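Engineer: In our numbering, the protein residues as written are 193 to 417. We put the beta carbon where it would ideally sit given N, CA and C, even for glycine. Everything numeric in this text was worked out from a predicted model, so none of it was measured.
1) What distance in whole Å lies between the Cβ atoms of residue 324 and residue 347, which are believed to be in contact at a cut-off of 8 Å?
2) Can you tell which of 251, 352 and 335 has its C-alpha closest to the C-alpha of residue 370?
3) Using 8 Å as the threshold, is the region 271 to 282 in touch with the region 386 to 393, meaning 3 or more CB pairs across them?
4) Starting from the Cα of residue 281, find the closest Cα among 322, 227, 268 and 366 and give me that residue.
5) Any idea what DSSP makes of residue 341, helix, strand or coil?
6) Keeping to the same chain, check which residues put their C-beta closer than 7 Å to that of residue 320; ignore five residues upstream and five downstream.
7) Sort 210, 356 and 287 by Cα distance to residue 410 and report the nearest one.
8) The alpha helix (DSSP H) that contains residue 216, what's its start and end?
9) Hey, how far is the Cα of residue 233 from the Cα of residue 290?
10) Return the chain-ordered list of same chain residues with a C-beta closer than 8 Å to the C-beta of residue 266, the five sequence neighbours on each side being excluded.
11) Compare the Cα-Cα distances from residue 210 to each of 393, 251 and 237 and report the closest residue.
12) Is it true that the CB of residue 286 sits closer than 9 Å to the CB of residue 365?
13) Taking the C-alpha atoms as reference points, what is the distance between residue 470 and residue 312?
14) Could you tell me which residues DSSP puts in a beta bridge with residue 368?
15) Who does residue 336 pair with in a DSSP beta bridge?
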């Protein structure tokens, strides 16, 4: 009995101490990547996602900067998701980020993106603005703003539908579907989202801040290869 218990303990230790690598992940029959630290959700555990963290690696997370190329062959990834990540990357780098995701995705597969929509009152109302009303800093997004510079993990740009659409159009993707966003007139658009293709926490389906009235919180779009 004690020997069995010890074997289980050692196996648990080996699992927790193991660090995932791209070489190992490439052997998966179905490879799903998540940009950032994987949320504590049964959805991601059951779907076998591999996280991509700029800070750390562990048994289901690879330490990787998503602005850099992936050491993966073309067309090897079945699903890619990034929730509240791209706004922390300089806007000028994002077409390259999307093009690399396109390269590793299998044909017909999708990249699910969600970003804070700064036409939503929840975000717009908490921002620090300049003399012309332009957003300079979102203190709710973390980081700092000093002498006109942003850092410490702050949001480096403040997404709107037009900006995200421009990124999609400039990338290698030619097909996409926007589900939630505010249009150029500030109207909330909320189409049904199939969360089995990627759970998103910051939507009116899950976030009470935008449930009454029911309105968009994030820009949610699938880019399809």
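Structural biologist: Concretely, from the data shown:
1) The Cβ separation is near 19 Å, so there is no contact.
2) 352
3) yes
4) 227
5) strand
6) 328, 329, 331 and 337
7) 356
8) 214 to 217
9) 25 Å
10) 295 and 296
11) 251
12) no
13) Because the chain in this structure spans residues 193 to 417, residue 470 falls outside the shown range and cannot be described.
14) 415
15) 343
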